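Below you'll find the structure, written out as structure tokens, and then a few comments.
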Amino acid sequence: MLRTLDELEACTIRATDGDVGLVKDLYFDDKAWVVRYLVVETGTWLANRQVLISPISIGQSDWLDEIIPVTITKDQVKHSPDIDTHKPVSRQHEADYLAYYGYPDYWGGEDAWGEGAFPSGLASGSRSEQDAFRTAREATHSHDEMVNLPRHDPHLRSADAVTNYHIHASNGDIGHVEGLLVDVHTWALRYLVVNTSNWWMGHLVAVPVKVIEHMNWLDATVSLALTREAVKAAPPYDGKARLNRQQEISIHNHYGRAGYRDDPTAHKQDDI
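Going by UniProt numbering, 114 is the number at position 114 of the sequence shown; the sequence numbering is gapless.
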């Protein structure tokens with residue numbers, strides 16, 4: 001099921017013993033194209049501190065009431081490693097965060113989530129299991145390995161920051177990023193929503209992440225392996241309606257790309 005960035009940022013994170021706060025941003029990996037963390041503003045109960053929530057902890061969401069439940073407690077959130085969300089997230093901070101919750105790291109495996117395709121399958125069942133995993137993890141990662149981790153993750157992007165990035169096609173500018181579409185089964189980023197009105201009196205189109213060549217932080221651009229004409233001729237995207245399977249098939253056929261349903265790791269309920 002696809003959800004927009006706006007829909008996700010309207011949600012409350014609910015721990016096992018109460019509400020944590022509101023989703024304010026997403027950090028996604030522009031190599032694996034998955035959401036690594038939800039940035040949550042905790043409100044007055046934690047002095048408006050912003051914390052990271054991993055999709056590993058997310059349960060079955062209540063989209064009607066805009067509730068995303070997590071399998072952790074407010075006390076765990078309170079004592080989680082602090083982070084300055086105005087600075088790039090360091091790999092060391094990620095290592096500390098994952099170790100704190102007893103989660104495996106994702107940068108050592110072949111799948112989007114390291115050793116698995118779905119984040120929910122990586123959650124430890126109990127606190128004792130988390131402690132045991134953390135002890136084992138610390139034993140397998142030497143001090144030198146931890147010290148030599150990159151200062152920051154070059155592939156971790158803020159969804160809010162990417163919004164309004166300029167879109168570069170192979171033969172010129174075509175528009176700007178209007179939003180994102182996230183598959184909340186796998187927390188994979190499936191599409192950028194592109195507003196083409198920068199170039200001509202255009203419309204919104206959904207651009208699969210498979211056609212993205214790279215993102216550039218410095219000049220705030222996204223480069224596509226497409227021409228302006230290909231983007232202009234794409235099926236219009238209606239931001240008020242949810243994409244159905246046939247619409248997604250049309251989008252992928254237009255761009256000449258296989259749909260993500262063709263990926264053997266795709267969720268059985270994915271639309272395409």
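Think of the CB as a built atom: it goes at the ideal place given N, C-alpha and C, for glycine as much as any other residue. Note that the structure is predicted; figures quoted are calculated from it, not measured.
Which residues DSSP lists as bridging residue i, in chain order
| i | result |
| --- | --- |
| His176 | His166, Asn195 |
| Glu41 | Leu22, Gln50 |
| Thr221 | His166, Asn216 |
| Pro208 | Tyr191 |
Short Cβ contact (7 Å threshold) for residue i with residue j
| i | j | result |
| --- | --- | --- |
| Val162 | Val182 | no |
| Ala15 | Ile72 | yes |
| Ile53 | Leu38 | yes |
| Ile68 | Ile58 | yes |
| Val193 | Gly175 | no |
| Val89 | Ile13 | no |
| Pro236 | Ser250 | no |
| Tyr97 | Pro81 | yes |
| Val34 | Ala123 | no |
| Val23 | Leu8 | yes |
| Thr186 | Phe118 | yes |
| Glu115 | Gly109 | yes |
Beta-carbon contacts of residue i that lie in its chain and below 6 Å, excluding the five residues immediately before and after
| i | result |
| --- | --- |
| Asp17 | Thr73, Lys74 |
| Thr85 | Val39, Gln50 |
| Ser61 | Ile68 |
| Arg157 | Phe28, Asp30 |
| Ala10 | Glu66 |
Own chain, CB closer than 7 Å to residue i, minus 5 neighbours either side, in chain order
| i | result |
| --- | --- |
| Ala159 | Leu5, Asp25, Leu26, Phe28, Leu180 |
| Gly172 | Arg228 |
Neighbourhood of residue i by C-beta, 8 Å cutoff - its chain only, sequence neighbours within 5 removed
| i | result |
| --- | --- |
| Asp238 | Leu204 |
| Gly202 | Gly175, Asn195, Thr196, Lys232 |
| Leu2 | Leu181, Val182, Asp183, Val184, Arg190, Tyr191, Arg242, Leu243, Asp271 |
| Asn48 | Glu41, Thr42 |
- Touch test, the stretch 165-179 against the stretch 95-111, Cβ-Cβ under 8 Å, three pairs minimum: The count of Cβ pairs closer than 8 Å, one atom from the stretch 165-179 and one from the stretch 95-111, stays below three, leaving the stretches out of contact.
- Message: Using 8 Å as the cut-off, can you tell me whether the stretch 223-230 makes contact with the stretch 204-211, which would need three or more C-beta pairs spanning the two stretches below that distance?
- Response: Under the 8 Å Cβ criterion, the stretch 223-230 counts as touching the stretch 204-211, having at least three qualifying pairs.
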